[in-house]
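Comments concern the structure below.
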Amino acid sequence: MFIKICRPKIVVDILPLSIFGDIHGQFRDLRLMLHATGDPSDHTYIFLGDYVDRGPQGIEGLCLLLCLKVKYPHRFFMLRGNHEDYNTSMVYGFYDECGQKYNNDNENIIFQNFVHVFNCMPFAAIIGGKILCMHGGISPDLLSLNDINSIKRPTMVPLHGLATDIVWSDPGGTNPGWSQSNRGISFTYDDATIENFCRKCNIDLIVRGHQITNELS
1 MFIKICRPKI VVDILPLSIF GDIHGQFRDL RLMLHATGDP SDHTYIFLGD YVDRGPQGIE
61 GLCLLLCLKV KYPHRFFMLR GNHEDYNTSM VYGFYDECGQ KYNNDNENII FQNFVHVFNC
121 MPFAAIIGGK ILCMHGGISP DLLSLNDINS IKRPTMVPLH GLATDIVWSD PGGTNPGWSQ
181 SNRGISFTYD DATIENFCRK CNIDLIVRGH QITNELS
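Residues in the sequence shown are numbered from 1 upward in steps of one, following this note's numbering.
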């Protein structure tokens with residue numbers, strides 16, 4: 001059911017709406033956020049990816065969100081992050097979590113089934129035609145928003161290209177234009193590059209996860 005209702009790019013026009021960044025296995029925090037925000041039957045949710053790895057309860061959080069997605073398909077939207085990928089989640093904890101919570105005969109089957117779900121997740125959402133939501137950021141290969149729909153799924157996150165940049169790239173580059181990221185994958189980009197992209201694609205705002213932000217005073 002979840003796979004059938006995923007699309008490469010989703011369009012959201014239903015308010016009220018809340019957007020959430022990286023969860024990383026913090027199941028208790030996820031439940032508190034959902035409780036504080038509102039009933040999913042009359043509230044729209046967009047999650048920006050990174051549901052698993054690092055935290056202890058990635059399976060619980062992911063399963064809760066998938067159940068809510070099935071129950072409220074037009075109210076719950078789960079985008080893909082860089083940790084929703086076979087290679088990344090093998091290294092940063094999710095594979096080990098599957099092994100700890102399921103016996104050795106089933107851990108790989110459970111993990112592979114989750115990876116298939118990851119490979120089907122949408123990469124971006126558009127709110128009201130003006131706000132672009134994604135996990136990482138823009139790409140030199142992203143010339144129009146329609147390019148997102150050209151990403152064929154299911155797909156793993158490749159080593160380079162549009163899908164990679166959407167989940168891995170970061171703003172804040174110190175050099176003009178595009179620069180290689182210190183992460184060892186994808187790019188960083190400066191403010192002018194963001195402004196040019198928004199103007200060209202008629203976007204007012206980009207909402208993203210992927211990085212820790214300073215608390216607002």
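Quick reminder that beta carbons are idealized off the backbone N, C-alpha and C, glycines included.
Determine, using beta carbons only, whether G177 and D190 come nearer to each other than 8 angstroms. yes
Is the Cβ-Cβ distance between M134 and L79 less than 8 angstroms? yes
Residue closest to N119, alpha-carbon to alpha-carbon, out of H43, V52 and E84: E84
V91, buried or exposed, once every other Cβ within 10 Å from all chains shown has been counted against 16: exposed
Please state if the CB of I127 and the CB of S169 are separated by a distance shorter than 8 angstroms. no
I19 vs V167 beta-carbon contact at 8 angstroms: no
From Q112 to C98, what distance separates their C-alpha atoms? 10 angstroms
Please classify Y95: does DSSP put it in a helix, a strand, or coil? helix
Taking the Cβ atom as the reference point for each residue, do V52 and F94 lie within a distance shorter than 8 angstroms? yes
Around the Cβ of D22, are there at least 16 other Cβ atoms within 10 angstroms (buried) or fewer (exposed)? buried
What does DSSP give as the partner residues of F187 in its beta bridges? Q180
With a threshold of 8 angstroms on Cβ separation, who are the neighbours of D223 within its own chain once the five nearest residues in sequence on each side are excluded? Past the edges of the chain, shown from 1 to 217, lies residue 223, and the structure says nothing about it.
Considering only their Cβ atoms, is the gap separating G81 from C55 smaller than 8 angstroms? For the record, residue 55 in the displayed sequence is Gly; it is not Cys. No, these two residues do not count as a Cβ contact at 8 angstroms.
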